[in-house]
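Asks: Residue numbers for the sequence shown follow the working numbering, so the first one is 2 and each next one is one higher. Backbone N, C-alpha and C define an ideal beta-carbon position, used for all residues, glycine too. Following this message is one structure expressed as structure tokens.
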Amino acid sequence: MLYYLFEYLDKTLDVPGTGVFQYITFRSALALMLSLLLSTIYGKMIIRFLQRQQVGETVRELGLAGQNEKAGTPTMGGLIIIFATLVPVILFAKLHNIYIVLLIVTTLWMGTIGFIDDYIKIFKKDKEGLKGIFKVVGQVGLGLIVGIVLYFNAGVTVRTDTSSSDIFKAPTETVILPAPIEEKSTATTIPFFKNNEFDYAELLAWTGEGYEKWAWLIFIPVVIFIITAVSNGANLTDGIDGLAAGTSAISVLALGIFTFVSGNIIFSNYLNIMYIPNSGEMTVFIAAFVGSLIGFLWYNSYPASVFMGDTGSLTIGGIIAVLAIAVRKEMLIPLLCGIFLVENFSVVLQVSYFKYTKKRFGEGRRIFLMSPLHHHYQKKGYHESKIVTRFWIVAIMLAILSIVTLKLR
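Right under this line is the structure:
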């Protein structure tokens, strides 16, 4: 809202200095600082409120070191992340931007699903929480909304011809080039390949002429799958103090770099990448989101004063998925969110191998001491802080490698 106020002061009243709000970098910096302040200062108030409401974590006996000490720790701390993200976004972002609208909807939608799940666990005393089928329905519903909007909304366009721009030509040069075209497209980016753009519509080329108009049959299911997979991956990663929040902040920072360069014609031209008009505004949201995650770590680092619960983990996963899809970097998710992938994969491997060996040998066997993977290392005697720190280091390495794909092809 402040953006519109300062825009009015600048363009209508010509108040000196108010034009600075036109810069995404300035508004992103403000969003980051405000979200940090909100999550650290008001986070304590939210934790006290949760304690008064007796919103404590019920810990299942898994035989893990230090597990019993966590019983009664306030959960639903994801409310801190949601609050500290949305307030700066509402103040500093362009609220008419379609990408910002989608991210706000994603935050509220996944936050609501997670909140209902936590509420059932705590107040209904049902350790299973919201039934899995209802979670999936909610994730699929969000995927439908995001997929339909990104495919059909006129404000979602791309430019792949940035190399034809003359912004780096010398002023004395006379260059006549065709006008750049912003077009609707289901193109995405394939990392590490030289000509690294791929259009989902091409999967329907075998159907004959006019196949492009049916691209939504591929694009929307892909969006649904990615949102469901990443949100569940973040949910599984939320198992020990600071793990999900820290690794997520690292991944989102990398996405922030992709978003900024993809939404800037100069940088996209220099890097020879797809230019996505209006997507740079997401940088403001990302700054606020990163600030809220870092501020949340103030209370969630070992020993945690609050857990994010599904209210936070599902929201985090949903936001990361939508950001990656919007900036056409969804194929980087296995690398960028490698921690989520490994945590998910460890569970799938453990369950599948247990069922297979039980059917074949009459006794279930395990690959890991416990899944997800972070519990395996706990069982091996590693302290929580060491596990989390090492996972953060791996996440940083994966984030750097992801960023390198901008030029490494």
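Give me the Cβ distance between V307 and V224, rounded to the nearest whole Å; I'm assuming they're in contact under 8 Å.
Replies: Counted from its first residue, the sequence shown places residue 307 at position 306. Counted from its first residue, the sequence shown places residue 224 at position 223. Between V224 and V307 the Cβ distance is about 32 Å, and since that is not below 8 Å, they are no contact.
Asks: Taking the continuous alpha helix (DSSP H) assigned at E203, which residues delimit it?
Replies: Residue numbering aside, residue 203 sits at position 202 when the sequence shown is read from its first letter. Careful: E203 lies outside any alpha helix (DSSP H) and carries neither H nor E.
Asks: T406 to I334, Cα distance in whole Å?
Replies: By 1-based counting over the sequence shown, the position of residue 406 is 405. By 1-based counting over the sequence shown, the position of residue 334 is 333. When rounded, the distance between both Cα atoms is 12 Å.
Asks: Taking Cβ positions, are L337 and S403 nearer each other than 8 Å?
Replies: Locating residue 337 in the sequence shown gives position 336, where the first residue counts as 1. Locating residue 403 in the sequence shown gives position 402, where the first residue counts as 1. Yes, they are a contact pair.
Asks: Shortest alpha-carbon distance to L409 belongs to which of T190, L14, G156?
Replies: Taking the sequence shown and counting its residues from 1, the one referred to as residue 409 is at position 408. Closest by C-alpha distance to L409, out of T190, L14, G156, is T190.
Asks: Could you compute how far the alpha carbon of T312 sits from the alpha carbon of V389?
Replies: Sequence index remark: in the sequence shown, residue 312 carries index 311 (1-based). Sequence index remark: in the sequence shown, residue 389 carries index 388 (1-based). Their Cα atoms are separated by approximately 21 Å.
Asks: Given a cut-off of 8 Å on the beta-carbon distance, is the pair T41 and A305 in contact?
Replies: Counting from one through the sequence shown, the residue named residue 41 turns up at place 40. Counting from one through the sequence shown, the residue named residue 305 turns up at place 304. In this structure, T41 sits away from A305, with a CB-CB distance that is not shorter than 8 Å.
Asks: Tell me R53's beta-bridge partners as DSSP assigns them.
Replies: Taking the sequence shown and counting its residues from 1, the one referred to as residue 53 is at position 52. Answer by DSSP bridge pairing: none, since R53 is not bridged.
Asks: Apply the 10 Å Cβ neighbour rule to A180 and answer buried if 16 or more other Cβ atoms are within range, or exposed otherwise.
Replies: If you number the sequence shown from 1, residue 180 lands on position 179. Because A180 sits at a pLDDT of 46, beneath the cut-off of 50, its placement in the model cannot be relied upon, and the point is left open.
Asks: Roughly how many angstroms separate the alpha carbons of S165 and V159, rounded to a whole number?
Replies: Position 164 of the sequence shown, counting from 1, holds the residue named residue 165. Position 158 of the sequence shown, counting from 1, holds the residue named residue 159. At S165 the pLDDT is 49, less than 50, meaning the model places this residue with poor confidence; the figure from the coordinates comes in the next sentence. Distance between the alpha carbons of S165 and V159: 14 Å.
Asks: So if DSSP puts A188 in a beta bridge, which residue, or which two residues, is it bridged to?
Replies: The sequence position of residue 188 within the sequence shown is 187, counting from 1. Secondary-structure assignment with DSSP links A188 through a beta bridge to D200.
Asks: What distance in whole Å lies between the Cβ atoms of G310 and T76, which are believed to be in contact at a cut-off of 8 Å?
Replies: Residue 76 sits at position 75 when you count from the first residue of the sequence shown. Residue 310 sits at position 309 when you count from the first residue of the sequence shown. That belief holds up - the Cβ atoms of T76 and G310 are roughly 4 Å apart, short of 8 Å.
Asks: Excluding the five sequence neighbours on either side, which residues of its own chain have a C-beta within less than 6 Å of the C-beta of G339, listed in chain order?
Replies: Taking the first residue of the sequence shown as position 1, residue 339 is located at position 338. These residues qualify, in order along the chain: L399.
Asks: Are N279 and N154 touching if we call contact CB-CB under 8 Å?
Replies: The residue you call residue 279 lines up with position 278 of the sequence shown. The residue you call residue 154 lines up with position 153 of the sequence shown. Contact: no.
Asks: Could you pull out every residue in the same chain whose Cβ sits closer than 6 Å to the Cβ of V90, ignoring the five residues on either side in sequence?
Replies: Taking the sequence shown and counting its residues from 1, one reaches residue 90 at position 89. For V90, where only same-chain residues beyond five positions count, the Cβ hits under 6 Å are F286, A289.
Asks: Give the DSSP-derived three-state secondary structure of R391 in the structure shown.
Replies: Stepping through the sequence shown from its first residue, residue 391 is reached at position 390. Annotated three-state conformation of R391 is helix, per DSSP.
Asks: L51 to H375, Cα distance in whole Å?
Replies: What you label residue 51 is simply residue 50 of the sequence shown in a count that begins at 1. What you label residue 375 is simply residue 374 of the sequence shown in a count that begins at 1. L51 and H375 have their C-alpha atoms roughly 27 Å apart.
Asks: Let me make sure I understand the geometry here. Which of V21, T229, Y276, I317 has the alpha-carbon closest to that of L254?
Replies: For the purposes of this step, residue 254 is identified with residue 253 of the sequence shown, where counting begins at 1. Ranking the options by Cα distance to L254, first place goes to I317.
Asks: Below 8 Å on the Cβ atoms is my contact criterion, and I expect I295 with L37 to pass it. Report the Cβ-Cβ distance as a whole number of Å.
Replies: Here residue 295 corresponds to residue number 294 of the sequence shown, with the count starting at 1. Here residue 37 corresponds to residue number 36 of the sequence shown, with the count starting at 1. So it is a contact: roughly 6 Å between Cβ atoms.
Asks: Could you tell me whether the region 359 to 379 touches the region 340 to 348, using the rule of 3 or more Cβ pairs below 8 Å?
Replies: yes
Asks: Could you tell me whether the Cβ atoms of T260 and G281 are closer together than 8 Å?
Replies: Reading the sequence shown from its first residue, position 259 is the one you call residue 260. Reading the sequence shown from its first residue, position 280 is the one you call residue 281. Yes, they are a contact pair.
Asks: Could you name the residues of the same chain whose beta carbon sits closer than 7 Å to that of I117, not counting the 5 residues immediately before and after it, in chain order?
Replies: Locating residue 117 in the sequence shown gives position 116, counting from the first residue. So the qualifying residues of the chain are L131.
Asks: Near E183, which residues of its chain fall below 8 Å by C-beta distance, leaving aside the five closest residues on each side in sequence?
Replies: In the sequence shown, counting from the first residue as 1, residue 183 sits at position 182. Cβ within range, chain order: T158, V159, R160, P278.
Asks: Assuming A327 and M283 form a contact by the criterion Cβ under 8 Å, report the distance between their Cβ atoms to the nearest whole angstrom.
Replies: Position 326 of the sequence shown holds residue 327. Position 282 of the sequence shown holds residue 283. Correct: roughly 7 Å between the Cβ atoms.
Asks: Who pairs with Y276 in a beta bridge, going by DSSP?
Replies: Here residue 276 refers to the residue found at position 275 of the sequence shown. Y276 pairs with R160.
Asks: For A206, count neighbouring C-beta atoms within 10 Å of its own C-beta (all shown protein chains included) and say buried if the count is 16 or more, exposed if not.
Replies: Mapped onto the sequence shown, residue 206 falls at position 205. Exposed: under 16 other Cβ atoms inside 10 Å.
Asks: Would you say F297 and G78 are within 8 Å of each other, going by their C-beta atoms?
Replies: Indexing the sequence shown from 1 puts residue 297 at position 296. Indexing the sequence shown from 1 puts residue 78 at position 77. Against a cut-off of 8 Å, the Cβ pair of G78 and F297 comes out as a contact.
Asks: Could you give the DSSP three-state label for K381: helix, strand or coil?
Replies: The residue you call residue 381 lines up with position 380 of the sequence shown. Three-state result, K381: coil.
Asks: Measuring straight from C-alpha to C-alpha, what distance separates T229 and W110?
Replies: In the sequence shown, residue 229 corresponds to position 228, counting from 1. In the sequence shown, residue 110 corresponds to position 109, counting from 1. For T229 and W110, the distance between alpha carbons rounds to 13 Å.
Asks: Answer with buried or exposed for D167, where buried requires no fewer than 16 other C-beta atoms within 10 angstroms of its C-beta.
Replies: As a first step, residue 167 is located in the sequence shown; it is residue number 166 there, counting from the start. Caution is warranted here: a pLDDT of 48 is assigned to D167, below 50, making its placement in the model unreliable, and the coordinate value is therefore given only provisionally. Exposed is the call here.
Asks: Using the beta-carbon count (16 or more within 10 Å), is Y201 buried or exposed?
Replies: The count along the sequence shown starts at 1 and reaches residue 201 at position 200. Burial call: buried.
Asks: Please report how far the alpha carbon of A396 lies from the alpha carbon of V343, in whole angstroms.
Replies: In the sequence shown, the residue the question calls residue 396 occupies position 395. In the sequence shown, the residue the question calls residue 343 occupies position 342. Cα-Cα distance, rounded: 11 Å.
Asks: Give me the Cα-Cα distance between I101 and Q23, rounded to the nearest whole angstrom.
Replies: Translated into positions along the sequence shown, residue 101 becomes position 100. Translated into positions along the sequence shown, residue 23 becomes position 22. I101 and Q23: Cα-Cα distance of roughly 16 Å.
Asks: Count the other CB atoms within 10 Å of the CB of E210; is the residue buried (16 or more) or exposed (fewer)?
Replies: For the purposes of this step, residue 210 is taken as the residue at position 209 of the sequence shown. E210 comes out exposed.
Asks: Along the chain, where does the alpha helix (DSSP H) that runs through A288 open and close?
Replies: On the sequence shown, position 287 is the one that residue 288 refers to. Segment 283 to 301, the alpha helix (DSSP H) holding A288.
Asks: Using only CA atoms, which one of I221, I401, G133 lies nearest to I251?
Replies: By one-based count along the sequence shown, residue 251 stands at place 250. Nearest C-alpha to I251: I401.
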